[in-house]
Structures are given as C-alpha cells and as structure tokens.
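Notes for the one structure printed next.
Residue numbers (the UniProt record's numbering): 1 to 444.
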C-alpha cells in the first residue's frame, strides 16, 4: 500500500466525522467505520416519549469554540432549557424546597471555594498538563493531580449541608464517584470558564441544538467525501511503518495509510492492536476514567413548574430538571452517578426516586440508553481520575506511527463535551495529514 491509500477512521461520532471531513478536504480518501447502525457515538437523538430527545450528549455554549464554529458554519439554531423557578434538594436525609436561587445560593460557597485555584494551577486551559519541567509549578500540578474531588471537598471549610450539596454537584458533573474523580479535572472545567462556576454551570447545561445533535453531525458528514460503513465493528488493528490493516467482526479487512481510532478510553482495550500500544495507554485504558452514570428521561403527567433538584451521592439520581412539555405532560431529564443504582426502564422505580424531591409526581413513561453497558462506549462523558491529567493525557494524545487516537476523552480543552470531540478531530486530522505528507512514499 502507499501513503495515498485511504485513512481509516474508526467511529462516526463528532470526533470521527470531523476528522473525516477535514481529511477529505485535504484530498485524502477516508473510510469511516461505525460499529453501530447509526452515526453519533455518545450523542443519540431519538424519538422517545412523544418527541425526539437527546439520550446522550446535549448541551453546547459559545464558550466552547470548536462546536460554536460548527454551529456558525452550518447555521444551526439553539434552544434553551427552561430557567428553573423552584429548587428541591436533599441534605441530612431531609427533603427541602425553595426557589432555584436559594438552592444555587446554598451551593455557591462550596462551588466557589473548590474552584478557587483553577486559574493558578491551570492558567492555559487548552494546555492543562503542560508546565515547564523541573519547576515548582510542575511539582505543584503533579501534587494537585493526586487529589480526588472528594479529597478537596474534605479540606474546605463548609457546613454539613454545603459539603453534601457540593459532593452531589460534582457526583453529577463526574457522572461518577467523587472519590475517584480527579480534582484537576474539576479545575479544568472552572478554568475554561474564567474560574467562575456559575458560568461553568451555564456552559454545561443550558443551551441545546434546536434540531438535535444529529442535525449538526449530519451537516458535518454531508460536507465530507468519506465513505461511511455502518454495522462495521472493528476487532483488530495491525500497524507498522508500511501502513495499517483493520480487521472487522465479519471477517473482512480494510487496508490504509493510517488509522484514527475514536473509541472512548473505557472501550479502548476492546480492539486488539498489534503491536501493542504504549504501556501508559494500556494502563489508562485498563484503569478507565471516572464516569459510570445514567441519564433518564421521564414523562410526567400534567404541567410542572420549571425546577432544578439535587440529591447526595447515595441517591440513585443527583439531578432532575424540567426540559420540555408534550401534549400537556412534562418531560424531565435526570442524571445519576451510578448506572447500577437505578433501572431506568422501570417506571415505578424512577417515579419513586423523583418523588423523593416532588412527592406528587406521576411518571407515565421512561426512556434512556445504558451507556455503561454499551460495548462501544462503556462510559458516559469522559472525566479523568486523579493522576490521569499529568500521568496519562500527554501519552494518550501521542500518535504511535500510523495509529492515532481522537475523541473527547483525549481533548486538550472541553474534554467530556461535544466541543472536545470536535477539537480532537480537527487536531488529529491535521496531524495525520502532516505525517503522511512528510513521509517518503512507501509501497508494499
């Protein structure tokens, strides 16, 4: 094969589709292999509960430059999640009710204190792990990366209720336990929003694409000349100095000049790679990142005043909020940090959890997708464990010959968001093209 052979992109989520578009614009042939019967990766816009809903990634913001550029490029429209009026929260084993402003006010001291050092430790959010070797700044960053969010919360001077709410907030944000979630991962989010947690919260969960994530993804794909193959599960990749060979579950093979793999970190070891990847990559894949949560949609009978609700980590769900109305009913989105704590297909179980906040809710139907059990995801959105920013990110981003990783898990900036996936797709497409352009022509 030659360096003019196709580039093979594994995975048709935002990272893969973006990389495919960029490579075809550079004159490269691209074969885009997607194991599922749809494009989208961990975004999934599907008809459920009377309207199309986002079962995976949802929110975008103008603070996120890469996704915002694509929104501008294709003229995508936004809609806004309802502004909460009421707040419900559980602390000390008791239910509380008030205004949304009261709930945010209780959360503010802890959220502000936790992010206080974000801009000092991560002054350049798009180079969060890059510091001058051998300096005091490097030593301080490595020391901070040993802390979990739970460690940091324990150090803060807070009331019991404030501490419990802060832990609930970050269990929600990590889609998993704070005792494994990295403190620096939390600071990355803060730093990307100028150190202001209120702006961070807005960027994370306020604005969504009016016609769904699928509309933007399809626009990017339509702007590409890539050859898309669905139901094309990759089981193995052989790579050497001459090229790559990708083996599929149906027994077929695809040969190419380079391969871009967009599997999430928790699913990276599902493909046999020969020769094996660097030890740090393998160790990170085996350890996995923090997220292990669940996203549930509930259709509730009748109208509901817009609200936001928080509950501690020992509850099956940490967040619930009103998102839509349909035919007189209300659609509530819920997020929890442990996918094993709630069967999202069990209407009665979901109703019981929601009634811990709002006792008179009647759940008519439920919907969701089990991302942790999904063999091509094995996680929700990526959130680094303690030690992974300084210990693994640089190596995960480093290509090995003709083998490249791309995806939100490996992004410099908004890792865990659609923006991070697009950023990574852009970066890796450029790196692949430069690698192939700079090499002497080879054939086998």
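Note that CB positions come from ideal geometry on N, CA and C, so glycine has one too. All values derive from a computational prediction rather than experimental measurement.
Residue from the options with nearest C-alpha to residue i
i	options	result
residue 469	103, 301, 70 and 238	Shown here, the chain extends from 1 to 444; a query on residue 469 therefore has no answer.
residue 77	377, 211 and 267	211
residue 41	151, 230, 94 and 182	230
residue 172	160, 295 and 329	295
residue 185	249, 236, 114 and 202	114
Residue i, DSSP secondary structure in three states
i	result
residue 228	strand
residue 388	helix
residue 237	strand
residue 10	strand
residue 140	helix
residue 381	coil
residue 278	coil
residue 442	Here the model assigns residue 442 a pLDDT of 41, short of 50, so the residue's position is not dependable, and the following value carries that caveat. Three-state result, residue 442: coil.
residue 313	coil
residue 176	coil
residue 27	coil
residue 131	coil
residue 99	strand
residue 158	coil
residue 272	strand
residue 243	strand
Beta-carbon contacts of residue i that lie in its chain and below 6 angstroms, excluding the five residues immediately before and after
i	result
residue 238	245 and 274
Spatial neighbours of residue i in its chain, beta-carbon cut-off 7 angstroms, leaving aside the 5 residues before and after
i	result
residue 204	59
residue 293	175, 176, 335, 336, 337, 338, 339 and 380
residue 433	23, 26 and 28
residue 349	342 and 343
residue 505	Any question about residue 505 goes unanswered here, given that the chain covers just 1 to 444.
residue 132	138
residue 382	264, 265, 289, 291, 408, 409, 415 and 416
residue 165	89, 91, 106, 107, 110 and 310
DSSP bridge partner residues for residue i (one or two, in chain order)
i	result
residue 321	308 and 333
residue 355	Paired residue(s): none; residue 355 is not in a bridge.
residue 365	299
residue 79	208
residue 445	Nothing in the structure corresponds to residue 445, since the chain is present only between 1 and 444.
residue 248	234
residue 32	9 and 228
The beta strand (DSSP E) enclosing residue i, as first and last residue numbers
i	result
residue 403	403 to 405
residue 216	No beta strand (DSSP E) holds residue 216; the alpha helix (DSSP H) holding it covers 213 to 222.
residue 152	Run containing residue 152: none in the beta strand (DSSP E); it sits in the alpha helix (DSSP H), 149 to 155.
residue 183	No beta strand (DSSP E) contains residue 183, which is instead part of the alpha helix (DSSP H) from 183 to 192.
residue 256	253 to 256
residue 61	Residue 61 -> no beta strand (DSSP E), and no H or E assigned at all.
residue 45	45 to 48
Opening and closing residue of the alpha helix (DSSP H) in which residue i lies
i	result
residue 90	First-last for residue 90: 86 to 91, but that is the beta strand (DSSP E), not the alpha helix (DSSP H).
residue 54	Element bounds for residue 54: not the alpha helix (DSSP H) but the beta strand (DSSP E), 51 to 54.
residue 396	393 to 397
residue 119	118 to 121
Close beta carbons around residue i, own chain, < 8 angstroms, minus the five adjacent residues each side
i	result
residue 377	41, 42, 264, 266, 267 and 371
residue 365	49, 298, 299 and 347
residue 253	245, 246 and 247
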